[in-house]
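Asks:
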Amino acid sequence: MCGIIGYVGSTQLSIDSCLDILKALEVEQLPIESSPIGGHGAGLMVYDGFRILMEKVGGKEASPVEDLRRIIYDSWKVNFSRVTLGHVRRASQVFTHTIPFKECTQPYIAECLGEFKVVSVHNGFLKNYLNLKGKLKYKHKFESESVALIDSEVFPHLLEELILDYGDSVETAKMLFESIEGGNTVAMMVFADGILSLYIVHKGVTRGLALWRNSLGHVLFGSRSYIVDKFARGFLRENGFNLDFIVKPRSEGSLVKYYRFSVDELFKS
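Note that this note's numbering gives residue 733 to position 226 of the sequence shown, counting from 1, and the numbers run on in steps of one.
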């Protein structure tokens with residue numbers, strides 16, 4: 508199981524804060540947990556209103572997040588973001604041979620149907636991923652298949668088809684929830700025609716999830732509430748965020764959320 512963070516809002520969040528949260532998640536391990544949250548890879552995606560920037564690394568270094576940080580500092584000319592998804596990886600037992608490969612690290616991007624892009628981060632194990640992949644009706648390209656198909660990568664392609672068939676809506680989020688098996692927390696952003704949609708689904712038992720919102724409808728979330736609060740406390744308070752949902756690590760929980768944002772509104776100032 509893995510760790511995730513995400514943010515959508517018109518106030519800029521520092522990329523350093525995102526990386527600090529990922530770094531803390533990478534080594535976090537509660538007494539009830541048999542392993543840290545991360546250590547097998549890391550990735551970060553930001554969107555600047557025009558383009559998606561994404562970098563990710565496999566688990567070749569002692570700290571994949573620090574490896575990721577070095578690459579971002581060297582190659583990105585961006586210090587803040589209004590749209591972010593981040594991930595630290597802890598490979599399931601069936602995927603330990605894929606740890607060194609960044610192709611098996613998240614976020615994942617699906618853009619196989621031509622009309623929109625889906626970017627996803629996932630914590631947990633999608634138990635029926637092979638069955639869901641087998642039911643996809645259209646042609647898809649999976650990045651991880653160059654090494655071994657990772658269960659997490661099925662999510663954005665599944666959402667692509669659900670949106671194409673049923674539209675971009677909360678009802679589609681509910682359909683996604685009903686179709687998945689196992690313990691899963693997944694967050695997916697859909698980019699299309701000046702609209703950014705955010706899907707957040709939690710089902711079963713995972714590493715946990717905490718979600719904050721403010722009066723403007725902006726959203727910030729992460730796998731551990733106290734880690735996000737430690738590194739983004741000032742940001743949360745200054746921008747009026749309140750805790751909207753929390754499920755503790757290794758606790759049962761259900762959540763289906765769908766948010767829709769205007770890109771122009773997010774980036775108007």
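Quick reminder that beta carbons are idealized off the backbone N, C-alpha and C, glycines included.
Please check the pair His594 and Asn691, which I expect to be a contact at CB under 8 angstroms, by giving their CB distance rounded to whole angstroms.
Replies: On the sequence shown, residue 594 is found 87 positions in, with the first residue counted as 1. On the sequence shown, residue 691 is found 184 positions in, with the first residue counted as 1. Not quite, the Cβ-Cβ distance comes to about 14 angstroms (not below 8 angstroms), so this is no contact.
Asks: Does the Cβ-Cβ distance between Lys609 and Gly565 come in under 7 angstroms?
Replies: Here residue 609 corresponds to residue number 102 of the sequence shown, with the count starting at 1. Here residue 565 corresponds to residue number 58 of the sequence shown, with the count starting at 1. A contact, by the Cβ cut-off of 7 angstroms.
Asks: Count the CB pairs spanning the stretch 646-659 and the stretch 577-585 that are closer than 8 angstroms, and state whether there are at least three.
Replies: Cβ pair count under 8 angstroms is below three, so no.
Asks: Please classify Gly593: does DSSP put it in a helix, a strand, or coil?
Replies: Working through the sequence shown from its first residue, we reach residue 593 at position 86. Strand at Gly593.
Asks: Along the beta strand (DSSP E) that carries His629, what are the first and last residues, could you check?
Replies: For the purposes of this step, residue 629 is taken as the residue at position 122 of the sequence shown. Run containing His629: Lys624 to Gly631, per the beta strand (DSSP E) assignment.
Asks: Grab the span of the beta strand (DSSP E) containing Thr518 for me, first residue to last.
Replies: Here the question's residue 518 lines up with position 11 in the sequence shown. Thr518 -> beta strand (DSSP E) spans Gly510 to Ser521.
Asks: Are the CB atoms of Ser722 and Pro663 nearer to each other than 7 angstroms?
Replies: Working through the sequence shown from its first residue, we reach residue 722 at position 215. Working through the sequence shown from its first residue, we reach residue 663 at position 156. Not in contact: Ser722 and Pro663 (Cβ atoms no closer than 7 angstroms).
Asks: Quick check: what's the CA-CA separation for Ala717 versus Ala680?
Replies: Reading the sequence shown from its first residue, position 210 is the one you call residue 717. Reading the sequence shown from its first residue, position 173 is the one you call residue 680. Whole-angstrom Cα-Cα distance: 18 angstroms.
Asks: In whole angstroms, give me the CA-to-CA distance for Ser517 and Gly621.
Replies: One-based indexing of the sequence shown puts residue 517 at position 10. One-based indexing of the sequence shown puts residue 621 at position 114. Going by the C-alpha atoms only, they are around 27 angstroms apart.
Asks: For Ile539, name the three-state secondary structure that DSSP assigns.
Replies: Taking the sequence shown and counting its residues from 1, one reaches residue 539 at position 32. It is coil, neither helix nor strand.
Asks: Our contact map puts Leu762 next to Phe752 with C-beta atoms below 8 angstroms; I'd like the distance itself, whole angstroms only.
Replies: Against the sequence shown, residue 762 aligns to sequence position 255. Against the sequence shown, residue 752 aligns to sequence position 245. Confirmed, about 6 angstroms.
Asks: Since Val697 is in the beta strand (DSSP E), which residue starts that stretch and which ends it?
Replies: The count along the sequence shown starts at 1 and reaches residue 697 at position 190. Where Val697 is concerned, the enclosing beta strand (DSSP E) stretches over Asn691 to Ala699.
Asks: Spatial neighbours of Phe768 within its chain, please: CB distance less than 8 angstroms, with the 5 preceding and 5 following residues excluded, ordered by chain position.
Replies: In the sequence shown, the residue the question calls residue 768 occupies position 261. Val515, Ile702, Leu703, Ser704, Leu705 and Gly724.
Asks: Quick one: Cα of Glu535 to Cα of Ile544, how far?
Replies: Within the sequence shown, residue 535 is the residue found at index 28, counting from 1. Within the sequence shown, residue 544 is the residue found at index 37, counting from 1. Glu535 and Ile544: Cα-Cα distance of roughly 6 angstroms.
Asks: Tyr706 bridges to which residues according to DSSP?
Replies: The residue given as residue 706 occupies position 199 in the sequence shown. Note: Tyr706 sits in a beta bridge opposite Met695 and Tyr765.
Asks: Does DSSP put Ile753 in a helix, a strand or coil?
Replies: The residue labelled residue 753 in the question sits at position 246 within the sequence shown. Correct three-state label for Ile753: strand.
Asks: Going straight from the alpha carbon of Gln613 to that of Phe602, what length do you get?
Replies: What you label residue 613 is simply residue 106 of the sequence shown in a count that begins at 1. What you label residue 602 is simply residue 95 of the sequence shown in a count that begins at 1. Rounded to whole angstroms, Gln613 to Phe602 spans 14 angstroms at the Cα level.
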